[in-house]
Amino acid sequence: MEKHQGKSVFAGVAIGKISFYIKDKAEVVKREADDQQLEIELFKNAKKQAKEQLGQLYEKALSEVGMDNARIFQAHSMILNDEEYDTFIIDAIKEQNVHAEFAVSMAGEHFAKIFSSMEDDYFKERAADIKDVSGRVQRILGGRKETSKTSEPAIIVAEDLTPSETIQMDKSKVLAFVTMLGSANSHTAILSKTMNIPALVGVEIKKEWDGKVAIVDGITGDFYIEPDENTLEYFRRKKQEETKKRELYNELKGKENITLSGKQIELCANIGNVADLEAVVENDAGGIGLFRSEFLYLGKNDYPTEEEQFEAYKKAAETMAGKPVIIRTLDIGADKQIDYFQMEKEDNPAMGYRAIRICLKEKDIFKTQLRAILRAGAYGNVSIMYPMIISDLEIKEIKELVETVKGELLKEKIPFGNVAQGIMIETPAAAIISDLLAKEVDFFSIGTNDLTQYTLAIDRQNNKLDSFYDAHHESILRLIKMVVNNGHKAGIKVGICGELAADLSLTETFLKMGVDELSVSPAFILPIRKVIREIL
Ligand code: PEP
Ligand code: MG
């Protein structure tokens, strides 16, 4: 048995086999073909193996998840039968004298680009299939193992995971995340909380662990490889205790978030995806306090269309059936990079071209999203929230744009709802002028993750700084208090949607400050309700 120590990002115990995650987009270094004929043979062989794999996956999927889901593997096989695809690769080997793996990656990029530029949504989506199937052939050529989307549930061990890699994973197949890099405050960490999956960062990982049984203790941060029977037995019991604890929390469903002396607060959920709605309902949230809409844009080959976004927001509005749903507009940049935005590399991305700054420059992208949110507003209690605000001028510009979009919808006779507009207070600038900003908007929500990063000048992505990232710092607490007071003076509600909202040691402080709403990952709702109900 080996024991390693990491930093816990999300609690819980996981027991299962390790699946070592190898990035699909493994950088293929351009190399000359020493022997072109050999490279062509290698490609043909890899293609044959890929087809065999796809055949097996098809049979497995057919028996386990039905025809509709199995069809994708047939489609992938068809790509490998395509003459144009074949010719492109063989020509690249012959004419550009590159090795087979690089030629396949070129073909993947080339055909994916053609498909993603097509108008038709069906063809656009084929771009992902071309990349996927090319990735399979590349993996075979490079002798890399597949991180199968259809394998058994496993503990995912990786050097690092980006938010887009994490969001694309099938939650039902992930028992835990264990990474070497990544910080406790990164979006990948936040995603693991939203997905309710135990996670550790800062673990010295080894490739040879792949396939071995392991235990993740998300409370202490311990990671056991090939545990002995006593350790296994201990953690099996711990897991059972956890389940019992959850059952006790379940008794709090339907109860009010009220202290013994009658003080109330709203408890809402943070989500990144329509799939998270199930957990929102399951944990009896009072609404959605933060829908991180950028996750609809991540892990895709192209911008989500207005219809796609509308369907997602409408689903959230309908599921919440009249309870508030706050949709935050696109907050990309920093660690949330999207290939098709083709953003230039920045030395300081956290303080760079991101979030509302992009939206106010790329107005077409922003307007598409505003249309989708406004339209979803006709189906429930929807609000819009803008991230990374630093001035009232930005708000004025946004509000004008919203009026223009409403005018266009009216003209087109497309129904839309009466949607409130709020901002995130996540820059020190916004907190300091919150008295001015409060006059411009309908509500505030404090983003303590970025507010801490910018106030303390600590990069939230840098795991070496995790011990300095002190969200309890007096400056943060004073800023929160100031924002609450300024918001209330202007008669608007103030919530907190950063990770600090889930910090049980601060629940009483937030209540005393008069915070109106806490928005947290769904799994934290009932534990916070328990704490609130025990406060005098
Ligand atoms: C925050 O900054 O606190 C926040 C909620 O937004 P995000 O974590 O997505 O940056
Ligand atoms: Mg933020």
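In terms of the working numbering, the sequence shown opens at residue 1 and continues consecutively. For glycine and all other residues, C-beta sits at the position ideal for the given N, C-alpha and C.
Residue i versus residue j: straight-line alpha-carbon distance, rounded
i: Lys-23; j: Lys-207; result: 13 Å
i: Met-78; j: Lys-30; result: 27 Å
i: Lys-171; j: Thr-162; result: 15 Å
i: Asp-34; j: Glu-499; result: 53 Å
i: Arg-237; j: Asp-228; result: 15 Å
i: Pro-415; j: Ile-395; result: 24 Å
i: Lys-512; j: Ile-532; result: 12 Å
i: Ser-519; j: Cys-268; result: 4 Å
i: Phe-43; j: Asp-82; result: 14 Å
i: Gly-491; j: Phe-443; result: 9 Å
i: Ala-350; j: Ile-425; result: 16 Å
i: Ile-525; j: Val-281; result: 11 Å
i: His-4; j: Glu-204; result: 8 Å
i: Glu-403; j: Leu-290; result: 23 Å
i: His-472; j: Met-482; result: 15 Å
i: Thr-427; j: Asp-450; result: 7 Å
i: Lys-413; j: Gly-407; result: 10 Å
i: Lys-17; j: Glu-242; result: 20 Å
i: Thr-509; j: Glu-344; result: 42 Å
i: Ile-225; j: Lys-212; result: 7 Å
i: Ser-19; j: Asp-210; result: 5 Å
i: Ala-372; j: Glu-306; result: 5 Å
i: Lys-300; j: Val-98; result: 28 Å
i: Gly-55; j: Pro-153; result: 21 Å
i: Ala-502; j: Thr-368; result: 33 Å
i: Phe-73; j: Glu-39; result: 26 Å
i: Met-180; j: Tyr-21; result: 12 Å
i: Ala-355; j: Gly-333; result: 7 Å
i: Asn-486; j: Pro-324; result: 22 Å
i: Pro-522; j: Phe-88; result: 48 Å
i: Ala-46; j: Ala-285; result: 49 Å
i: Ser-148; j: Ala-70; result: Low confidence applies to Ser-148: its pLDDT is 47, below 50, so where it sits in the model is not reliable enough to give any reading.
i: Ala-189; j: Gly-142; result: 30 Å
i: Phe-468; j: Ala-158; result: 25 Å
Distance cut-off 6 Å: residue i Cβ against heavy atoms of the ligand PEP
i: Glu-517; result: no
i: Asp-276; result: no
i: Thr-448; result: yes
i: Gly-221; result: no
i: Gly-498; result: yes
i: Glu-241; result: no
Any non-hydrogen atom of the ligand MG closer than 6 Å to residue i Cβ
i: Gly-495; result: no
i: Glu-346; result: no
i: Glu-426; result: yes
Residue i and residue j closer than 7 Å at C-beta
i: Ser-475; j: Thr-455; result: yes
i: Ile-358; j: Ile-389; result: no
i: Ser-164; j: Leu-536; result: no
i: Ala-14; j: Leu-175; result: yes
i: Ala-184; j: Asp-466; result: yes
i: Ile-155; j: Ala-214; result: yes
i: Asp-276; j: Thr-194; result: yes
i: His-187; j: Val-133; result: no
i: Ile-327; j: Ile-384; result: yes
i: Gly-202; j: Asn-381; result: no
i: Ser-116; j: Asp-339; result: no
i: Lys-94; j: Gln-36; result: yes
i: Lys-489; j: Asp-516; result: no
i: Tyr-379; j: Ala-321; result: no
i: Leu-566; j: Ile-167; result: No answer is possible for residue 566: the residues shown for the chain start at 1 and end at 536.
Beta-bridge partners of residue i, as assigned by DSSP
i: Arg-529; result: Arg-529 pairs with nothing; no bridge assigned.
i: Gly-546; result: Since the displayed the chain opens at 1 and closes at 536, residue 546 lies outside it and no answer follows.
i: Asn-270; result: Leu-290
i: Gln-5; result: Asp-222
i: Gly-495; result: Ser-445 and Glu-517
i: Ile-18; result: Ile-155
i: Arg-328; result: Arg-292 and Met-385
i: Lys-336; result: Gly-333
i: Met-424; result: Ser-445
i: Gln-342; result: For Gln-342, which the question treats as bridged, DSSP gives no partner whatsoever.
i: Phe-177; result: Ile-156 and Ala-199
i: Asp-217; result: Val-13 and Asp-222
i: Glu-32; result: Val-98
i: Ile-258; result: Gln-264
7 Å Cβ cutoff, residue i in contact with chain B
i: Ala-11; result: Reference to chain B is not applicable here, since this structure consists of a single protein chain.
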